[in-house]
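Here is the structure we will look at, set down as structure tokens.
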Amino acid sequence: MRKTDRKIDNELRLKLTEVCEQALKDITGFQWLTHLVNYEDFPNSLMVVCVFDTNENLKNYLQSDDSQALISLIQAEFKTMDIKLKRLGDHIAYDSEENCNQYHNGNWALRLG
Numbered sequence: 000m001r002k003t004d005r006k007i008d009n010e011l012r013l014k015l016t017e018v019c020e021q022a023l024k025d026i027t028g029f030q031w032l033t034h035l036v037n038y039e040d041f042p043n044s045l046m047v048v049c050v051f052d053t054n055e056n057l058k059n060y061l062q063s064d065d066s067q068a069l070i071s072l073i074q075a076e077f078k079t080m081d082i083k084l085k086r087l088g089d090h091i092a093y094d095s096e097e098n099c100n101q102y103h104n105g106n107w108a109l110r111l112g
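Counted the way numbering that gives the first Met the number 0 counts, the sequence shown spans residues 0 to 112.
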């Protein structure tokens with residue numbers, strides 16, 4: 000990873016931590032988030048994965064009136080970094096601890112890899 004990539008990654012991690020802290024307060028079942036990126040194709044390759052505790056809470060969130068809350072939080076932080084994506088929703092994935100436990104024995108590195 001180049002020095003400029005590390006700088007972007009550190010800033011991205013800080014901004015997404017802010018999103019995570021707010022989501023933990025506001026969104027039932029939300030647990031954590033992470034990002035995946037190939038800096039050779041940044042920001043097009045950027046993907047944020049938002050993880051919920053159960054499939055039920057994830058489903059309830061996606062069907063709720065607040066289903067755009069995470070996108071809005073992420074968009075606000077990306078704006079401060081001047082990260083522009085045509086369709087931010089295409090760069091956000093949702094998952095659950097329940098799915099990881101069921102299909103990958105709780106191994107997130109394997110699941111996200």
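Positions of the beta carbon are idealized from the N, C-alpha and C atoms, including for glycine. For clarity, every value in this text was computed on a predicted model and none was experimentally measured.
The beta strand (DSSP E) enclosing residue i, as first and last residue numbers
{"i": "ILE70", "result": "No beta strand (DSSP E) holds ILE70; the alpha helix (DSSP H) holding it covers 68-79."}
{"i": "ILE82", "result": "No beta strand (DSSP E) holds ILE82; DSSP gives it neither H nor E."}
Candidates the options, of which the one nearest residue i by Cα
{"i": "CYS49", "options": "CYS99, ARG1 and ASP40", "result": "CYS99"}
{"i": "LEU84", "options": "TYR93, LEU61 and GLN74", "result": "GLN74"}
{"i": "VAL47", "options": "GLU97, VAL18 and MET0", "result": "VAL18"}
{"i": "ASP25", "options": "GLY88, ASP94 and ASP65", "result": "ASP65"}
{"i": "ILE91", "options": "LEU57, GLN30, ASP8 and ILE70", "result": "ILE70"}
{"i": "ALA108", "options": "LYS6, HIS34 and ASN56", "result": "HIS34"}
{"i": "PRO42", "options": "GLY112, LEU111 and ARG86", "result": "ARG86"}
For residue i, three-class secondary structure by DSSP
{"i": "THR33", "result": "strand"}
{"i": "ASP40", "result": "helix"}
{"i": "ASP89", "result": "helix"}
Element boundaries [alpha helix (DSSP H), containing residue i]
{"i": "ASP4", "result": "2-25"}
{"i": "GLN101", "result": "96-103"}
Whole-angstrom C-beta distance between residue j and residue i, which should lie under 8 Å
{"i": "GLU10", "j": "THR53", "result": "Their Cβ separation, rounded to whole angstroms, is 32 Å, which puts GLU10 and THR53 out of contact at 8 Å."}
{"i": "GLY28", "j": "PHE51", "result": "4 Å"}
Proximity of residue i and residue j at Cβ, strictly below 9 Å
{"i": "MET80", "j": "TYR38", "result": "no"}
{"i": "VAL36", "j": "LEU45", "result": "yes"}
{"i": "LEU61", "j": "TYR102", "result": "no"}
{"i": "GLU76", "j": "LEU15", "result": "yes"}
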